[in-house]
Amino acid sequence: MANSFGIDIGTQNLKVFSGSNNQITNIKNAIAIVNKNQMYAYGDSAYSMHEKAPESIQVSFPIVSGVIADFDNMQTMLFEVLEHDLKGKIKGSDIVVAVPTDITEVEKKAFADLFSKSKNKPHSVRICEKPIASAIGMGIDVSEPTGVMVVDLGADTTEISVISLGGLVLSELLPFGGNQIDESIVTYLKRNYNLVIGQKTAKQLKEEIGSAIEGRGEKLTVVGRDVVSGLPIEMEIESDVIYNAIRSDLESFCTNVKLILEKVPPELAKDIVHAGIYLTGGTSKLYQLTELFSQVTNIKVNAFDEPQESCVRGLGQVLSDAKFKTYGYSMKTRIFK
Ligand SMILES: Nc1ncnc2c1ncn2[C@@H]1O[C@H](COP(=O)(O)OP(=O)(O)OP(=O)(O)O)[C@@H](O)[C@H]1O
Ligand SMILES: [Mg+2]
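If you want this note's numbering, it's the 1-based position in the sequence shown plus 1.
Right, here's the structure in full:
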């Protein structure tokens with residue numbers, strides 16, 4: 002479908018599928034504000050100012066814990082991305098936007114309102130539950146009477162869901178993800194090594210030498226500030242230091258996956274054991290996380306390339322493939338059903 006967009010508005014990354022060229026764009030979901038509410042920059046350039054900007058510029062993230070925290074700026078940024086960066090037209094377009102399952106109907110409607118309550122009226126605005134879109138994006142036939150477990154490990158949220166017959170049997174949205182792992186690294190290095198680093202450096206350590214299982218054996222040299230002298234210093238950090246810093250976060254991921262597994266009706270549990278757990282979201286790229294999950298649950302774990310994009314890829318299929326059309330629904334029809 003030419004003039005159409007599939008949109009996954011994450012806490013850290015905004016992913017857009019554009020129907021005109023079937024391309025996926027992934028940019029940082031950040032805005033830089035001056036004079037209290039004026040947008041100065043957005044996307045990757047706003048993110049690059051994070052932790053570096055003077056007091057007059059504030060970098061913020063319009064989505065917090067999976068829900069919209071700053072409606073106006075989110076709407077402005079989406080307009081800029083869709084109309085200027087991607088050279089699309091919101092007016093007259095068909096839009097499908099992804100929403101977490103375990104939030105209120107009012108919070109879900111706000112995602113649709115970002116587009117339907119704009120000056121440039123789209124032709125249609127539908128929403129699609131994130132776990133369903135992710136499953137479709139991973140090539141799973143969600144309409145089957147087969148239990149499918151999807152664990153979306155994002156930046157600020159973890160959504161654990163069980164799907165059967167195109168609907169959600171269980172879904173829980175937990176308010177932690179990759180950002181909390183970064184914070185644990187910051188705290189650990191400060192407490193144990195007297196080293197103060199920023200969140201971006203913590204993220205780099207996690208992504209480059211972090212691991213969900215001990216013994217990765219990599220090293221990375223970072224620059225931070227020494228707590229005692231107050232001066233910048235260089236320090237070489239080993240993988241196992243990062244592993245120890247994030248251990249308790251990994252344990253809580255595992256505990257929550259197990260808690261949901263315990264609630265799954267037995268017939269569906271059988272399917273999950275047979276097909277395995279499906280991992281998606283950027284945090285699922287953490288080195289050896291699939292191995293850890295399968296060790297802890299005793300169930301096979303499936304991971305795909307580009308897990309950050311499985312949801313938006315699924316939205317693209319909801320827009321373009323008649324077979325998946327019904328998974329996008331308009332808020333009105335659902336509320337008054
Ligand atoms: N190689 C990697 N190892 C560990 N974590 C990674 C890796 N690559 C990306 N991440 C993490 O993935 C997260 C971003 O993933 P994603 O784009 O799925 O989040 P989001 O959709 O913006 O957030 P949410 O779904 O919580 O709203 C970040 O925390 C990032 O640090
Ligand atoms: Mg996400």
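Ideal Cβ positions, reconstructed from N, Cα and C, are used throughout, including at glycine.
Following the DSSP letters along the chain, one finds F6 in no alpha helix (DSSP H) but inside the beta strand (DSSP E) bounded by residues 5 to 10. Shown here for L166: same chain residues with a beta carbon closer than 7 Å to its own, the five before and five after excluded, namely S144, P146 in chain order. Short of 6 Å from the beta carbon of A33, and not among the five residues preceding or following it, lie these beta carbons of its own chain, in chain order: Y41, A42, A47, M50, I58, V60. K286 and K220 have their alpha carbons spaced roughly 18 Å apart. One thing to note: S19 has its Cβ no nearer than 8 Å to the Cβ of L320.
Residue nearest to F294 within the set K109, V258, I141, V100 is V258 (criterion: CA-CA distance).
Each of L87, T327, A156 was checked against the Cα of G283, and the nearest Cα belongs to A156. Counting only unbroken stretches of 3 or more residues, the beta strand (DSSP E) elements lying wholly within the segment 20 to 85 are 24 to 29, 32 to 35, 39 to 43, 59 to 61, in sequence order. The segment 188 to 208 makes no contact with the segment 299 to 319; the number of CB pairs closer than 8 Å stays below 3. Runs of the alpha helix (DSSP H) lying entirely within the segment 140 to 220, each at least 4 residues long, are 179 to 194, 200 to 210 in chain order. Residue burial annotation: D153 is buried, with at least 16 other C-beta atoms found within 10 angstroms of its C-beta. By a beta-carbon distance limit of 8 Å, M139 contacts Y279. Their separation comes to about 6 Å. Not one heavy atom of ligand 2 falls within 7 Å of the beta-carbon of C129. Beyond the five residues adjoining it in sequence on each side, P233 comes within less than 8 Å, by CB distance, of V224, G225, R226, D227 in the same chain, given in chain order.
Contact between the segment 88 to 99 and the segment 113 to 123 is present: three or more C-beta pairs spanning the two stretches fall below 8 Å.
Judged by their CB atoms, V149 and I137 are not nearer to each other than the 8 Å cut-off.
Here the residues close to ligand 2, judged by CB distance below 5 Å to any of its heavy atoms, are G11, G155 in chain order. Note on geometry: alpha-carbon atoms of A134 and L79 lie some 20 Å from one another. Judged by DSSP in its simplified three-state form, P233 adopts strand. Residue range 95 to 100 is occupied by the beta strand (DSSP E) that includes V100.
N27 is positioned such that its CB atom lies closer than 8 Å to that of Q309.
Annotated as distal: I214 and S240, with beta-carbon spacing of 8 Å or more.
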